[in-house]
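I have placed the structure first, in the form of structure tokens, so that the comments after it can refer back to it.
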Amino acid sequence: MSRAQAESVIKNIIREIAQECASKGQAVSETLVAFMVKAVVLDPANEFNVDRTLTKDDVQKLIKICVDHLLDTRSPALDTVKMQVYFDMNYTSRADFLDEHRRVLEQRLTPVIREITDSRARTREELESLYRKIVSAVLLRSGLGSPTDIAVVREATAALQSVFPQTELGTFMSLVKRDKERQLVELTQIVTGIRLFNKECGKGGEGIDDLPAILNEAVPATTQNVDTAIQRSCDVAFKYTALIERIMAGEVTEGPSVKALKESLINIRQHESFLRIILNDVISCAQQVEMLEAQLGSRLEQLQATVQSKTAVPTAQVYPQFINLAHIWSGFQDEMVLLSVLSNILASLDPFTKGHKDVFTAEMMVPFLEGLHVRSDEERIRETTGDEHRVQPSDFKRVEWLFPETTKNFERLPLQYRGYCGWALVRFDRLLLPGNPDIGVLRYNDRYYVFSSKEAAYEFASDPNRYIQHVAECAKISPELIQLLELHAQFATITPYTQGKDQGQMIEKPITKCDMGVQTEVHPIESNIVKSYEWNEWELRRKAIKLTNLRNKVTHSMQTNLSNLRRDNVTQVYLPKDTASQTKTDSFSNVPKPQTFLAGLRGGQTKTTVMTKVDLTLDVDQT
Numbered sequence: 002m003s004r005a006q007a008e009s010v011i012k013n014i015i016r017e018i019a020q021e022c023a024s025k026g027q028a029v030s031e032t033l034v035a036f037m038v039k040a041v042v043l044d045p046a047n048e049f050n051v052d053r054t055l056t057k058d059d060v061q062k063l064i065k066i067c068v069d070h071l072l073d074t075r076s077p078a079l080d081t082v083k084m085q086v087y088f089d090m091n092y093t094s095r096a097d098f099l100d101e102h103r104r105v106l107e108q109r110l111t112p113v114i115r116e117i118t119d120s121r122a123r124t125r126e127e128l129e130s131l132y133r134k135i136v137s138a139v140l141l142r143s144g145l146g147s148p149t150d151i152a153v154v155r156e157a158t159a160a161l162q163s164v165f166p167q168t169e170l171g172t173f174m175s176l177v178k179r180d181k182e183r184q185l186v187e188l189t190q191i192v193t194g195i196r197l198f199n200k201e202c203g204k205g206g207e208g209i210d211d212l213p214a215i216l217n218e219a220v221p222a223t224t225q226n227v228d229t230a231i232q233r234s235c236d237v238a239f240k241y242t243a244l245i246e247r248i249m250a251g252e253v254t255e256g257p258s259v260k261a262l263k264e265s266l267i268n269i270r271q272h273e274s275f276l277r278i279i280l281n282d283v284i285s286c287a288q289q290v291e292m293l294e295a296q297l298g299s300r301l302e303q304l305q306a307t308v309q310s311k312t313a314v315p316t317a318q319v320y321p322q323f324i325n326l327a328h329i330w331s332g333f334q335d336e337m338v339l340l341s342v343l344s345n346i347l348a349s350l351d352p353f354t355k356g357h358k359d360v361f362t363a364e365m366m367v368p369f370l371e372g373l374h375v376r377s378d379e380e381r382i383r384e385t386t387g388d389e390h391r392v393q394p395s396d397f398k399r400v401e402w403l404f405p406e407t408t409k410n411f412e413r414l415p416l417q418y419r420g421y422c423g424w425a426l427v428r429f430d431r432l433l434l435p436g437n438p439d440i441g442v443l444r445y446n447d448r449y450y451v452f453s454s455k456e457a458a459y460e461f462a463s464d465p466n467r468y469i470q471h472v473a474e475c476a477k478i479s480p481e482l483i484q485l486l487e488l489h490a491q492f493a494t495i496t497p498y499t500q501g502k503d504q505g506q507m508i509e510k511p512i513t514k515c516d517m518g519v520q521t522e523v524h525p526i527e528s529n530i531v532k533s534y535e536w537n538e539w540e541l542r543r544k545a546i547k548l549t550n551l552r553n554k555v556t557h558s559m560q561t562n563l564s565n566l567r568r569d570n571v572t573q574v575y576l577p578k579d580t581a582s583q584t585k586t587d588s589f590s591n592v593p594k595p596q597t598f599l600a601g602l603r604g605g606q607t608k609t610t611v612m613t614k615v616d617l618t619l620d621v622d623q624t
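Using the numbering used here, read the sequence shown as starting at 2 and increasing by one per residue.
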């Protein structure tokens with residue numbers, strides 16, 4: 002089966018599963034269905050072989066299992082998968098967030114900019130309308146006030162007129178489209194800088210929000226919200242871990258399902274992981290805001306020193322400072338957008354954890370945790386810190402151990418399984434226990450592994466390949482672990498028809514396709530066309546002879562009082578008509594057709610035959 006055929010089959014399966022779920026009242030996205038199809042195929046319990054073509058029965062079995070999983074609304078594993086799908090589809094890097102925001106902004110501005118650059122205004126009213134459009138475009142691009150607010154429009158118009166008066170519209174109209182767009186961007190930055198400086202001086206700033214003050218309140222509030230959410234998730238994870246350990250030790254005979262508790266623990270740990278990613282971005286926002294505030298204060302001081310109370314300042318000195326001021330303010334706007342996006346993602350992640358929280362409520366957990374000390378991750382690490390818990394490298398010959406005091410940038414090592422103990426995942430069937438790097442970090446095949454105890458480290462190091470393979474088998478049973486433990490490299494060869502090979506991405510974003518057409522001008526840059534170019538050598542010679550003859554000519558001119566400032570006269574004549582004449586006529590002549598008659602061939606009264614030839618041809622005159 003070719004790649005195209007395989008993709009077509011997979012798409013049909015995904016579409017059929019989505020329709021089946023929709024018919025049963027559960028709307029699911031195709032991305033979630035695609036993830037579930039992979040998860041079901043990977044699970045060895047379902048007995049699917051990815052190396053052979055699926056039969057009809059296999060397809061029906063796959064659809065049934067996927068639909069059953071997707072309709073299980075009380076499954077913590079499904080909530081984890083949904084959370085991972087949502088996060089992968091909505092979260093990206095800081096630079097990508099801002100690039101997408103700017104792209105959307107430019108796309109919304111495109112109709113306004115096109116009206117300005119394509120304008121062919123000639124009359125006074127048309128030029129005034131064009132100038133108003135430029136003011137609106139400047140306001141929309143800068144984001145400082147609404148174009149429908151009269152006070153904002155007046156202030157922006159005054160700032161624009163000081164830089165670009167209406168008398169300059171003629172020069173603007175003569176520019177090519179690309180230069181017009183570039184000048185509009187530059188005008189926006191200069192006008193933005195002027196309005197911000199006027200706001201600082203107390204002479205304007207209508208409709209401009211105090212972004213530094215807003216961010217100084219919003220960033221700490223968002224940081225506190227994320228910290229609170231992380232602490233809540235950690236508390237729940239600690240309780241789940243302690244209860245699972247108690248049940249597995251046999252101290253609790255009748256209690257909640259261990260499988261459900263482990264799936265809930267995976268869910269809450271994944272939630273904690275995503276929250277820490279958001280927290281790092283919020284901290285980056287705080288650092289960026291602090292740097293922008295310092296730059297803003299320094300730039301305003303320089304502008305004050307440059308302008309002071311002068312009536313006129315050279316544009317070469319002040320315009321670059323206004324442009325730089327606009328760039329700084331654009332940085333504040335970017336931080337506002339980024340903080341808003343992160344807050345939305347933070348609020349959207351919480352519903353994915355409500356399923357198991359509603360099942361394992363605090364009241365329900367109290368009897369099972371009674372008399373049990375719930376240890377946090379920090380306490381577990383402290384309990385296993387010390388020389389008596391540290392691995393002795395001399396006990397091993399084939400593996401390498403790393404320690405904080407002997408390894409540079411030890412805290413930056415890319416730990417496998419996101420810092421969880423691989424031995425515990427295998428020994429206790431997908432139980433997530435945090436590893437302690439102080440015990441020793443195992444370096445194996447250029448990968449780094451940490452463990453929850455010294456005994457775990459020794460057993461794992463005795464046969465690393467077996468444990469690594471068993472962790473992969475655990476991930477097949479609970480596919481949500483692939484994303485949580487960052488096992489994408491191990492499962493890259495299991496999905497032969499994947500479209501993306503990005504490491505760290507379990508969910509592949511759909512490729513959006515559309516039909517597009519592009520039309521360009523014949524000569525977009527008119528200034529590069531040489532009008533006097535000639536390819537014909539004889540034409541060049543003719544021009545050379547003409548110029549040579551002109552050297553011997555003298556031009557005379559005169560002017561009288563009566564001809565001074567005389568208007569140009571125009572005359573009009575009738576052009577000659579197109580006529581035709583015919584001088585040749587067609588004629589012909591006709592001659593008689595020759596005719597003869599032969600007599601006497603049949604014989605007669607005489608014994609001899611005498612033939613007589615008679616000429617019957619008419620004369621020319623008789624025809």
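Every residue gets a Cβ at the ideal spot worked out from N, C-alpha and C, and that includes glycine.
For I151, is the classification buried or exposed, using 16 other Cβ atoms within 10 angstroms of its Cβ as the cut-off for buried? exposed
For the structure I just gave you, are there three or more beta carbon pairs, one from the region 336-355 and one from the region 55-72, closer than 8 angstroms? no
Thinking C-alpha only, which one of E207, A78, V237 is nearest M366? V237
Same chain, Cβ closer than 6 angstroms to R431, five either side skipped, listed in chain order: K263, C475, S479
Beta-carbon within less than 7 angstroms of N325's beta-carbon, same chain only, minus the 5 sequence neighbours each way: which residues are those? R300
When burial is assigned at 16 or more other CB atoms within 10 Å of the CB, is I14 buried or exposed? buried
Closest residue to W402 among P368, N410, Y450 (Cα-Cα distance): Y450
Between the CA atoms of G601 and V611 - distance to the nearest angstrom: 6 angstroms
Please name the residue, chosen from L293, F165, K355, that lies closest to T316 on a Cα-to-Cα basis. F165
Any idea if H374 is buried or exposed, counting beta-carbon neighbours within 10 angstroms, 16 or more meaning buried? exposed
Where the alpha helix (DSSP H) through A476 begins and ends: 465-478
Completely contained alpha helix (DSSP H) runs for the region 48-120, where each covers 4 or more residues: 57-71, 77-91, 95-118
Taking only three categories from DSSP, how would you classify E371? coil
Around the C-beta of R270, are 16 or more other C-beta atoms found within 10 angstroms, so that it is buried, or is it exposed? buried
Coil, strand or helix - L43 by DSSP: helix
With 16 other CB atoms within 10 Å as the buried threshold, where does G441 fall? buried
Helix, strand or coil for Y498? Go by DSSP, reduced to three states. Annotation note: pLDDT 32 at Y498 (below 50); position unreliable, no value reported.
Burial state of M517, where buried means 16 or more other Cβ atoms lie within 10 Å: exposed
What does the alpha-carbon distance come out to for the pair R277 and D464? 33 angstroms
Hey, A631 and E481: beta-carbon distance below 7 angstroms or not? Because the chain here runs from 2 to 624, residue 631 falls outside it and cannot be looked at.
Work out the CA separation of D69 and N50 for me, nearest whole Å. 20 angstroms
Extent of the continuous beta strand (DSSP E) run through R448: 448-450
Looking at the unbroken beta strand (DSSP E) that takes in A600, where does it start and where does it end? 597-600
Start-end ranges of the alpha helix (DSSP H) lying completely within the region 268-353, minimum 4 residues: 316-350
Please state whether the Cβ-Cβ distance between C67 and M90 is less than 7 angstroms. no
Does the region 444-463 come close enough to the region 384-403 to have 3 or more Cβ pairs within less than 8 angstroms? yes
Whose CA, out of D228, K260, T223, lies closest to the CA of Y241? K260
Residue burial classification, L617 (beta-carbon count within 10 angstroms, cutoff 16): exposed
Between T111, Q85, K547, which lies nearest to K178 when the distance is taken from Cα to Cα? T111
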